[in-house]
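Remarks on the structure that follows.
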Amino acid sequence: MTEKLKDPRYQLRKLSDLFINDLFATPDADILAEAAQDASLKNAGERAKATYQRALLMTGQNKLKEARHAIDLARDNAKAGLDMNHMDIGRARKILEKLAANDPTFDIKVTLAARNLREITDAEVLSIIMDLKRLGALPADEIL
């Protein structure tokens, strides 16, 4: 036990625990009064608030980008004559199975989940078909 007490990491942990316990024992009003007098704490609070607001803004901007991308994708699909909402999922899976059977490098080109075609969702199958069509890898008559 004596060795443990001499370990600087143990001592630092104990000191940290004491500070945390003291902080939790201090009434909120006392902490707020002290913070109001300390300009560095005010500045730190303002910086934290600004950082939080920037993070919210960036999150909103990212969501907007994703929405715009989805709209562009839908527009591109409409122009290309792809209406995946009405495509038979069984037909889509057969197209993928045919591609897998005819292409010896299929398993290298697709994700691990797509390699075993039974384990991917219908949405993923349709997404792969759309991507292949968009890239020109599937003729339009094969999809219809």
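End of the sequence shown = 157 in my numbering, gap-free, step of one.
Backbone N, C-alpha and C fix where the C-beta goes; we use that ideal spot for every residue, glycine too.
Bear in mind the structure is a predicted one, so any value in this text is a computation, not a measurement.
Query - Any 3 or more C-beta pairs closer than 8 Å across the stretch 101-109 and the stretch 132-146 - result: yes
Query raised in the report: Straight-line CA distance for D43 to L31?
Result: 18 Å
**Report entry** Contact under 9 Å by Cβ, K55 with A48
**Finding:** yes
Report task. Buried or exposed for K62, please, with buried defined as at least 16 other CB atoms from any protein chain shown within 10 angstroms of its CB. Result -> exposed
Query raised in the report: What do you reckon, are the CB atoms on V138 and L109 nearer than 9 Å?
Result: yes
Query raised in the report: Just curious, the alpha helix (DSSP H) that E137 is in, first and last residue?
Result: D135 to R147
Query raised in the report: How many Å lie between L36 and S29 at the Cα?
Result: 11 Å
Requested in this report: State the Cα-Cα distance for the pair N34 and K27, rounded to the nearest angstrom.
Outcome: 10 Å
Requested in this report: Within 10 angstroms of the Cβ of K19, are there 16 or more other Cβ atoms? Answer buried if so, exposed if not.
Outcome: exposed
Query raised in the report: What residues in its chain sit with their C-beta under 6 Å from that of Y65, if we drop five residues either side in the sequence?
Result: none
Query raised in the report: Around the Cβ of K17, are there at least 16 other Cβ atoms within 10 angstroms (buried) or fewer (exposed)?
Result: exposed
Query raised in the report: Does DSSP put L151 in a helix, in a strand, or in coil?
Result: coil
Query raised in the report: Can you tell me the Cα-Cα spacing of G68 and H82, whole angstroms?
Result: In the sequence under discussion, the amino acid at residue 68 is Ala, which differs from the Gly named in the question. Roughly 21 Å between the two C-alpha positions.
Query raised in the report: Short check: CB of R22 to CB of D89, under 9 Å?
Result: no
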